[in-house]
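No gaps in the numbering here: position 23 of the sequence shown is 23 in this note's numbering, and each next residue is one more.
First comes the structure, then the notes that go with it.
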Amino acid sequence: MADPPSLLKDCTAYATQDDPFTQPQVDTARKLLEQGGVKTVSSQVYPSETTDYTPIAQKMIASGAQVIVTGTLLPDIVAYIQAFKQQHYNPQAIIAT
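See the structure below:
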């Protein structure tokens, strides 16, 4: 694998539900990116029953990641995007499964 673009070098955060569909996708993405030299700055797995996504979003924001990879369903990603907008956090890429 070629060297990762500087955008990815040390600024990727991951968050996923402990869901049998979403978690394996995020785990695979993380594994492949790390093998390619991409450093993880935040990684979170949270229960499917979660209804308050604010602490998860805040941790991603605090990480300063420029790339966000999430394993989400609609309520999660909507909450993340709302939190990102409220905090004026604009990562270069948001990847949601």
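Here a beta-carbon is modelled for each residue, glycine too, at the ideal position from N, C-alpha and C.
As the structure is a computational prediction, the values presented were derived from the model and not from experiment.
Between V45 and T12 the beta-carbon gap is near 15 Å, outside 8 Å, which marks them as no contact. Just measuring C-alpha positions, the residue of L74, F84 and Q25 sitting nearest S63 is F84.
Under the DSSP assignment, S43 falls in the beta strand (DSSP E) whose first and last residues are T40 to Y46. Under DSSP, Y14 forms a beta bridge with S43 and V69. Ranked by how close their Cα comes to the Cα of V26, the residues P55, P91, I56 and I68 have I68 in first place.
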